[in-house]
Amino acid sequence: MIQEQVRVRFAPSPTGPLHIGGVRTALYNFLFARKHKGTLILRIEDTDQNRFVPGAEDYIVKSLAWCGLDFDESPQKGGPHAPYRQSERSGIYEEYIQRLLESGHAYYAFDTEADLNNLRDQAKVNNTNTFQYDQQTRKSLQNSIALPEAEWKKLIAAGTPYVIRVKIPENEQVIVHDLIRGEVIVSTSNLDDKVLFKSDGLPTYHLANVVDDYLMKITHVIRGEEWLPSAPLHVLLYRFFGWENIKPQFAHLPLILKPDGNGKLSKRDGDRLGFPVFPTEWKDPKTNEIFSGYRESGYLPEAVINIMVHLGWNPGTEQELFTMAELIQQFSLERVGKHGSKFDPEKAKWFNHQYMQQKTEDDLLLLLKPFLEKHSLNPTTEYLRTVLHLVKERAILIPDLWNTSWFFFLRPEKYDSQVFQKIWLPGTSGLLRDFAQAVNLMDDFNKESLHAMVQNFISEAGVKMGQLMNPLRLLMVGSNQGPGMMDLAEVLGKDEFMVRIHTGLEKLNLPDHKTN
């Protein structure tokens, strides 16, 4: 039972676009906060200036908003613990790194990157374990533990670049209590002395996130599995600061896996396999490479939310489609699994199709409107409703509303050659010419009367239904797609129906075609 005032945070780094794994983490934090009537914070962790990507923060904020996730405190909204960008909090971290230095839990290290690379290369040559800056190696390196005090202080006074590393204790067992994985025990002999403060005067993720979580009174840290190896260090930092009894509870979410389950889903997998891995389209400012997004691919935000929530969480029932209100009510970390979840592109489309079918005709009209405007079309609302009624069930993604209905608004300019070769027989053109003459004699043109006329026509002509309907559909829509022919003909109307028969035969330039 959670009794304290819940405060959770989503803390992305603006080093690129927001992966759907990040969307899921934000969603789980959102649902947890809303269920417990707590507070949700957006904190931008931008201390890694070398990997900072212009425009990434704005992309993250707008993508989360499109998904329907709102925050109580953020760089945009402000709040009692502002600022919410770590790059604007550097003065705060200096105070806390000094505490660690004074208490002996951190130390200065003057080793250059070249020095460390040489040690790594040497370890490879000697076939020893990968070099690690830890309890053993630090004793012989360029730092304030190995060097005499006078010497390392002289280096600092001379302006020699340095970093500040955490001093990991020797021969201890660190216990991480995880709400999803239970008790995780790690020996400090497997931990290295991570850098807490860089030579550029900014903290690393490890120091900044622990200090900020403490100052912002975060009660639960819900984040991806990739941060689980860092959790023992964070537990130690809470202890070093004297915050062990008020540290947040941890919950490390399972990985989102490739569709075949072989490894973590990456940004390259989506474009390679034909599905988005970002909520909205992303254009890399350095390479101008464009990565597809769910929004631009035609997914509804409510579908994306349901796709994401099921990648790790199980409601324990047969229900698959949820409103946000239902998710808030039913979500719990207890029902989040430990093991990775395979991303299923077809299931993602299924979710979107379900939510498309739930849309009202007014909703669908708004979704179709941009496609009509692109072609300078302005049909009546009544006509649009009639068309949408016929094509709605075929729409999986938003563009399908246009792709399955365009021929109600535009005449085909070309005809599918493969379909033509398959269905067009000797005498087909003459059959259609005769059919057009029969249609021309009809007083009432609706699907009931047309159906009766067609039945009579094929009986007298001695042909099968497909011999007439298949080529007729080709002339109406340019391919073999579309709703029932009688519905299609009724919506188009007699005049347009006749024009398309004659125009189609003319464009196909068939030898047995004659115009009346």
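Everything in the sequence shown is counted per the numbering used here, starting at -3 for the first residue and increasing by one. All residues carry an ideal CB built from backbone N, CA and C; glycine is no exception.
Pull the bridge partners of residue 260 from the DSSP assignment, please. According to DSSP, residue pairing for residue 260 in a beta bridge involves 253.
Nearest by alpha-carbon distance to residue 312: which of 301, 76, 22, 332 is it? Cα-wise, what sits closest to residue 312 is 332.
List the endpoints of the continuous beta strand (DSSP E) containing residue 171. For residue 171, the enclosing beta strand (DSSP E) covers residues 169 to 174.
Entirely enclosed beta strand (DSSP E) segments - the region 101 to 135, minimum 3 residues: Listed in chain order, the beta strand (DSSP E) elements of length 3 or more contained wholly in the region 101 to 135 are 102 to 105.
Beta-ladder partner(s) of residue 179, from DSSP: Bridge partners of residue 179: 173.
Start and end residues, beta strand (DSSP E) containing residue 216: Taken as a continuous stretch (DSSP letters only), the beta strand (DSSP E) holding residue 216 covers 216 to 220.
Would residue 393 and residue 295 be called neighbours here (beta carbons separated by less than 8 Å)? Note that the C-beta distance between residue 393 and residue 295 is below 8 Å.
State the Cα-Cα distance for the pair residue 3 and residue 245, rounded to the nearest angstrom. Distance between the alpha carbons of residue 3 and residue 245 is about 11 Å.
Work out the CA separation of residue 272 and residue 212 for me, nearest whole Å. Between residue 212 and residue 272, the C-alpha separation is close to 34 Å.
The alpha helix (DSSP H) spanning residue 364 covers which residue range? In the DSSP assignment, residue 364 falls within the unbroken alpha helix (DSSP H) covering 357 to 370.
Taking Cβ positions, are residue 329 and residue 175 nearer each other than 8 Å? Yes; because the gap between Cβ atoms is below 8 Å, this pair is in contact.
Go through the region 368 to 402 residue by residue and report every complete run of the alpha helix (DSSP H) that reaches 4 residues or more, in order. The qualifying runs are 377 to 387, 396 to 399.
Here's a check: name, in chain order, each residue in its chain whose Cβ is nearer than 7 Å to the Cβ of residue 344, leaving out the five neighbours to either side. 271, 303, listed in sequence order.
For residue 148, which residues in the same chain have their Cβ closer than 8 Å to its Cβ, ignoring the five residues on either side in sequence? So the qualifying residues of the chain are 104, 106, 139, 140.
Tell me the DSSP bridge mates of residue 247? Bridge pairing for residue 247: 218 [DSSP].
Just to confirm my understanding: we take residue 127, look at its own chain, exclude 5 residues before and 5 after, and list those with CB closer than 8 Å. What are they? The beta carbon of residue 127 is closer than 8 Å to those of 112, 115, 116, 118, 119, 133 in its chain, skipping five residues each way along the sequence.
Can the beta-carbon of residue 398 be found closer than 8 Å to that of residue 364? Yes, Cβ-Cβ distance for residue 398 and residue 364 is below 8 Å.
Bridge partners - residue 147, DSSP secondary structure assignment: For residue 147, which the question treats as bridged, DSSP gives no partner whatsoever.
Using beta-carbon positions only, say whether residue 130 and residue 188 come within less than 8 Å of one another. With a cutoff of 8 Å on beta-carbon distance, residue 130 and residue 188 are scored as near each other.
On the premise that residue 341 lies in contact with residue 275, defined as a C-beta separation below 8 Å, what is that separation, rounded to the nearest angstrom? About 15 Å; that fails the 8 Å criterion.
Inter-residue CB distance, residue 224 and residue 206 (contact presumed, cutoff 8 Å): About 15 Å; that fails the 8 Å criterion.
Pull up the DSSP beta-bridge partners for residue 191, would you. Looking at the DSSP output, residue 191 bridges to 161.
Bridge partners of residue 81, per DSSP? Beta-bridge pairing links residue 81 to 40.
Please state the DSSP three-state secondary structure of residue 287. In the structure shown, residue 287 adopts extended strand secondary structure according to DSSP, grouped into three states.
Spatial neighbours of residue 500 within its chain, please: CB distance less than 6 Å, with the 5 preceding and 5 following residues excluded, ordered by chain position. Taken in chain order, the residues that qualify are 471.
Would you report the Cα separation of residue 168 and residue 290, rounded to the nearest angstrom? The straight-line gap from Cα to Cα measures roughly 46 Å.
Report all residues from its chain with a CB closer than 6 Å to the CB of residue 177; omit the five preceding and five following residues, and keep chain order. Hits under 6 Å: 334.
Is the distance from the Cβ of residue 27 to the Cβ of residue 80 below 8 Å? One thing to note: residue 27 has its Cβ no nearer than 8 Å to the Cβ of residue 80.
Beta-carbon within less than 7 Å of residue 197's beta-carbon, same chain only, minus the 5 sequence neighbours each way: which residues are those? The residues are 86.
Residue 154 versus residue 192: straight-line alpha-carbon distance, rounded: Going by the C-alpha atoms only, they are around 22 Å apart.
Mind checking which residues open and close the beta strand (DSSP E) that includes residue 4? It spans 3 to 6 - the beta strand (DSSP E) in which residue 4 sits, taken as one unbroken run.
Return the CA-CA distance between residue 423 and residue 301, expressed in angstroms with no decimal places. Distance between the alpha carbons of residue 423 and residue 301 is about 54 Å.
Please return the same chain residues whose Cβ sits closer than 6 Å to the Cβ of residue 405, not counting the five positions on each side in sequence. Here the set comprises 373.
For residue 58, which three-state DSSP category applies? In this structure, residue 58 counts as helix in the three-state DSSP scheme.
Cβ atoms of residue 408 and residue 495: under 8 Å apart, would you say? Not in contact: residue 495 and residue 408 (Cβ atoms no closer than 8 Å).
Is there contact between the region 376 to 391 and the region 451 to 463, where contact requires at least three CB pairs shorter than 8 Å? No: fewer than three Cβ pairs fall under 8 Å.
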